[in-house]
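Worksheet for the structure shown next.
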Amino acid sequence: MTAPARVAITGAAGNIGYALAFRIAAGDMLGPDQPVILHLLEIPPALGALSGVTMELNDCAFPLLHGIVGTADTGEGFDGVDYALLVGAKPRGKGMERGDLIADNGKIFGPQGKAINDNASPDIRVLVVGNPANTNCLIAASSAPKLDRRQFTAMTRLDHNRAISQLAEKTSAHSTEIARMTIWGNHSATQYPDISNCTIEGAAAADRVDDGWYRETFIPKVQKRGAEIIGARGASSAASAASAAIDHVRTWVHGTPDGDWTSMGVAADGGYGIEEGIVFSRPVTCADGDYTVVPDLDISDFSRERMNATEAELREERAAVEDLL
Ligand code: NAD
Ligand code: LMR
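Numbering (my numbering), first residue to last: 30 to 354.
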């Protein structure tokens, strides 16, 4: 039998955690042949609720689920873990931007990064979901000196999926016919959803839509979709966020399809003019459990302006948490 993979979920009794744990246990993230042991982390006041989640997971009798560790202790929670999904953090309410959460949420990610550094598998892959995801990812990676920054990524797959869905609806295409969508920058209202390399059934997507719709409707719609959902639901996206987290890790581990790419928040390295020191979403291909930033894309003046705006916001977020880095 394949040895079980250890998967940690922080905030496992929260809304996203509740949607995530069952799908991971069912094999949606690592595949139908990979058993898993779930490490469910919570804060002490939520351990009662977490025990209920554990009971329900057990009651599913999932064939791939080979154990559950439920804990508020980060040492135990990240012990030997192969994949960590850092979800546990406050969500924003109506009228807030995600960056407003940095003072409360930023301090969660330093200790977790350190606990990952000290206890997890040296090959661990980390996905940060808790907002503001890019900067929390930067904090976690900075607290894990034994690990490579490339092992820490932030989630912009939800934005990527939202952009595909909006474009599919506008062009009467199916999401599976759309390739090479790109989200640049921050998981925030400054992100830049870019269709300039995007194809629909192999043909240029930009030729299928009006430039006015792209600039005035599509870009703001994707940028503000999280707030639209909070307005409608009274709570932030949960099932779609969990689904995107599963997509992110599955793609990282199992690879991108030929001819396509995905978007991931990854450590900036000077590529595309984005200097080190922030976590910036870029188009990546994945193979053999690793990612490669798509090289040599042409960047128009329009794109550069938007990339600069989202980079500036990330540099401001970084400045606000300099003491945590
Ligand atoms: P929630 O309030 O329903 O659940 C959060 C859970 O985290 C709670 O159970 C809480 O007890 C727990 N928690 C808090 N601090 C913790 C810690 N230090 N260790 C472990 N657990 C801790 O919130 P939610 O709807 O599940 O959202 C979680 C986070 O994900 C929020 O910050 C939200 O804004 C963010 N989010 C990000 C994306 C994205 O695309 N990156 C999408 C949706 C939501
Ligand atoms: C989202 O994009 O849905 C999440 O980041 C939640 C939020 O605050 O918008």
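Using N, Cα and C, we set each Cβ at its ideal position, and we do this for glycine too. Note that this is a predicted model, so its numbers are computed, not measured.
- Two segments are said to touch when three or more pairs of C-beta atoms, one from each, lie closer than 8 Å; by this definition the region 121-128 touches the region 254-261.
- With respect to THR185, VAL155 sits apart: the two C-beta atoms are not nearer than 8 Å.
- With a threshold of 16 other beta carbon atoms within 10 Å, GLY43 meets it and is buried.
- Looking only at LEU76, ILE72, PRO74, HIS95, the smallest Cα-Cα distance to ALA54 is reached by HIS95.
- Shortest Cα-Cα distance from THR339 to any of ALA316, GLY302, ASP319, THR100 involves GLY302.
- Secondary structure at LEU326: coil, using DSSP grouped into helix, strand and coil.
- Partner residues in the beta bridge of MET293, as assigned by DSSP, are ARG311.
- If only uninterrupted alpha helix (DSSP H) runs of at least 4 residues are considered, those enclosed by the region 37-73 are 44-54.
- Beta-bridge annotation (DSSP): ARG154 is paired with TYR112.
- LYS253 is a Cβ neighbour of ALA218, given a cutoff of 8 Å.
- DSSP, reduced to helix, strand and coil, places ALA208 within a strand of the structure shown.
- For ILE258, the CB falls within less than 7 Å of some heavy atom of the ligand LMR.
- A residue is called buried when at least 16 other Cβ atoms come within 10 angstroms of its Cβ; GLU71 meets this threshold and is buried.
- Judged by DSSP in its simplified three-state form, PRO249 adopts helix.
- Counting C-beta pairs with one atom in each stretch, the region 313-332 and the region 264-271 have fewer than three that are closer than 8 Å, which means they do not touch.
- Between the alpha carbons of TRP290 and SER310 lies a distance of about 13 Å.
- C-alpha of PRO64 to C-alpha of PRO73: approximately 28 Å in a straight line.
- PHE331 sits in a helix when the DSSP states are folded into three classes.
- For the set ALA48, PRO33, PRO286, the Cα lying nearest the Cα of GLY40 is the one of ALA48.
- Just so you know, the alpha carbons of ASP108 and THR285 end up roughly 29 Å apart.
- Rounded to whole angstroms, the separation of the alpha carbons of PRO61 and LEU93 is 8 Å.
- Annotation for PHE138: the continuous alpha helix (DSSP H) segment containing it runs 131-148.
- Annotation for SER171: LEU354 place their beta carbon closer than 6 Å to its own, counting only its chain and skipping 5 residues before and after.
- Three or more Cβ pairs drawn from the region 292-306 and the region 162-170 lie within less than 8 Å of each other, which places the two stretches in contact.
- In this structure PRO222 touches ILE212 by the C-beta definition: roughly 6 Å separates them, less than 8 Å.
- By the C-beta density criterion, ASP111 is buried, having at least 16 other C-beta atoms within 10 angstroms.
- For GLY43, the distance from the CB to the nearest heavy atom of the ligand NAD is below 7 Å.
- In this structure, ASN165 has its CB at a distance of at least 7 Å from all heavy atoms of the ligand LMR.
- Here VAL98 has HIS68 as same chain residues with Cβ atoms under 6 Å from its own Cβ, once five neighbours each way along the sequence are excluded.
- DSSP lists ILE207, ALA232 as the beta-bridge partner residues of ILE229.
- For ASP223, the enclosing beta strand (DSSP E) begins and ends at 221-223.
- Between the alpha carbons of ASP352 and ALA233 lies a gap of roughly 45 Å.
- Its chain contains ALA118, LYS119, GLY159, ASN160, PRO161, ASN165 as the residues whose beta carbon lies nearer than 8 Å to that of ASN134, once the 5 sequence neighbours on both sides are disregarded; these appear in chain order.
- In the three-state reduction of the DSSP assignment, ARG347 falls in the helix class, which pools H, G and I.
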